[in-house]
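What follows is one structure encoded as structure tokens, with my remarks underneath.
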């Protein structure tokens, strides 16, 4: 390809030279400020139980340079910009032996990147490259344009042949073993007109950007070309709210603990403001019946050379299902984020008696359940993901344990031996953990559970 490899296949060495100017320049100003206040014991008197109280407030703006980033119509995307507000208090007891910190926050972000939308963002337009390429493959292979039993001069169909298999019959055209579906498309009587028909399905604003074209090479083969989009992506806005509580302290001379409890909820909005409406516009064109017929482009096989049963409609349904899922999650609390997380760590040190020098401790880690798939629902004849009733993966609770013994061997040499049992407790045991469900509730992807580990260490300090 010109600009990547020369036509004769030799490498274009000019690509090794860096440009003098950067590909993009992103800049902005942000402001961050905070304030901390402490209870004035000198003015208001001492607090009981050796307490201290401080309060805090914090605001910050964030800016993320995005580099080259464009939507499906090759329009540049603004860099993500957000703001965070936090406030809370820290209360300590017993001269700082025990501390409780509480924090509430809200983060607002505009133009956050959606990423590939599970691989379907690129297919909003990229499916046309697939449709054109598969017909080019059919032509290059020498596949006859019309199915066996079809007479293009008279339009007649021989009984018992592939030509009699129509979208409305059983078996249908999807079970054909010969030819393409050109006989089902009004006005298509050659491979050239087949390409023109597919190109005619592409919205004009899309074709003006991608310039899909059919290039016939000297050897007679067909090559489908288009203008690529650099940094293809999409955007969404979101608001995340939550709170955190941290409790740390040495409750007694022997017992210490640390507890963290976190809650977070996120609501997205304005997801895929260009990609999603465009996908629905293309879907409408694909599902528009031909004049006077009870079927349209949606019923035409998309890969006749490979004798696949997929059609333009079924193939593009994968794209629009993801777009509907993304749009349906807007303005709802995200179920794909764990709402609660809890971590607890504790240790007990034996300071006297026969166990002096020994310690025992452990930790627990909890994560709330999370949505890993969505069933379908039928709304006015349209199959939609049921965002309000997702399939959930299990919540998780894992625990560790350790035992330690420390003693002085000489005046200058200390010895510590410690046994760790990592993931000694696993709520889900050794069972595989589902992380993706198909719409019918079938597990489609699993994660291997965390392994249990046991190890002993000896440490000499001098």
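Numbering (this note's numbering), first residue to last: 38 to 499.
From the three backbone atoms N, C-alpha and C, an ideal C-beta is built for every residue, glycine too.
None of these values were measured; they are calculated from a predicted model.
7 Å Cβ shell around residue i - same chain, five flanking residues per side excluded
i           : result
residue 262 : 250, 252
residue 461 : 436, 437, 438, 489
residue 300 : 279, 280, 376, 377
residue 431 : 406, 465, 470
residue 145 : 119, 120, 276
residue 70  : 96
residue 254 : 260
residue 373 : 407, 408
residue 78  : 84
residue 248 : 263, 264
residue 230 : 224
Sheet register partners of residue i (DSSP bridge)
i           : result
residue 377 : 300
residue 260 : 252
residue 428 : 410
residue 342 : None; residue 342 has no bridge partner.
residue 404 : 378, 433
residue 440 : 397, 456
residue 69  : 97
residue 422 : 413
Close-in-space but distant-in-sequence residues of the same chain around residue i (CB under 6 Å, 5 per side omitted)
i           : result
residue 139 : 125, 126, 282
residue 458 : 438, 491
residue 147 : 118, 274
residue 246 : 110, 111
residue 440 : 397, 456
residue 134 : 286, 287
DSSP three-state assignment for residue i, whether helix, strand or coil
i           : result
residue 393 : coil
residue 499 : coil
residue 77  : coil
residue 176 : helix
residue 55  : coil
residue 386 : strand
residue 83  : coil
residue 89  : strand
residue 351 : helix
residue 170 : helix
residue 356 : helix
Sequence-distant residues of its chain with Cβ nearer than 8 Å to residue i (five each side left out)
i           : result
residue 291 : 385, 386, 387, 388
residue 325 : 333, 334
residue 234 : 222, 224, 225
residue 360 : 154, 157, 161, 309, 312, 313, 316, 317
residue 493 : 454, 455, 456, 457
residue 486 : 463, 465, 466, 467, 468, 469, 470
residue 393 : 387
residue 476 : 410, 411, 412, 413, 422
Taking only runs that begin and end inside the region 270-330, name each unbroken beta strand (DSSP E) of 3 or more residues, in chain order.
-> Within the region 270-330, the complete beta strand (DSSP E) runs of at least 3 residues are 272-287, 292-306.
Secondary structure, beta strand (DSSP E): runs of 3+ residues fully inside the region 94-168 | Runs found: 118-130, 135-150.
Give, in chain order, every unbroken run of the beta strand (DSSP E) that is at least 3 residues long and sits entirely within the region 443-495.
-> Here the runs fully enclosed are 450-463, 470-474, 480-484.
Answer yes if the region 52-65 comes into contact with the region 75-93, meaning at least three C-beta pairs across the two stretches below 8 Å, and no otherwise.
-> Short answer: they don't touch.
Pairing CB atoms from the region 311-329 with CB atoms from the region 183-197, are three or more of them under 8 Å?
-> No, they do not touch.
Where are the alpha helix (DSSP H) runs, 4 residues long or more, that stay fully inside the region 179-267, in chain order?
-> Secondary structure within the region 179-267: the alpha helix (DSSP H) runs of 4 or more consecutive residues, fully enclosed, are 228-238, 241-247 (chain order).
Are there three or more Cβ pairs, one per stretch, closer than 8 Å when the region 373-393 is compared with the region 176-186?
-> No: the two stretches stay apart, fewer than three of their Cβ pairs being nearer than 8 Å.
Quick one: any contact between the region 342-353 and the region 285-304, if contact means 3 or more CB pairs under 8 Å?
-> Contact fails: fewer than three Cβ-Cβ distances are below 8 Å.
Report yes or no: do three or more beta-carbon pairs, one from the region 212-225 and one from the region 330-343, lie closer than 8 Å?
-> Counting C-beta pairs closer than 8 Å gives three or more between the region 212-225 and the region 330-343, which meets the contact rule.
Quick check: the region 151-165 against the region 191-201, are there 3 or more CB pairs under 8 Å?
-> Judged by Cβ distances under 8 Å, the region 151-165 makes no contact with the region 191-201, as fewer than three pairs qualify.
Counting Cβ pairs closer than 8 Å, one from the region 129-136 and one from the region 263-270, do we hit at least three?
-> Touching, no.
Does the region 90-101 come close enough to the region 64-82 to have 3 or more Cβ pairs within less than 8 Å?
-> Touching, per the Cβ criterion.
Are three or more beta carbon pairs between the region 237-247 and the region 193-212 nearer than 8 Å?
-> No, because fewer than three Cβ pairs between the region 237-247 and the region 193-212 fall closer than 8 Å, the two stretches do not touch.
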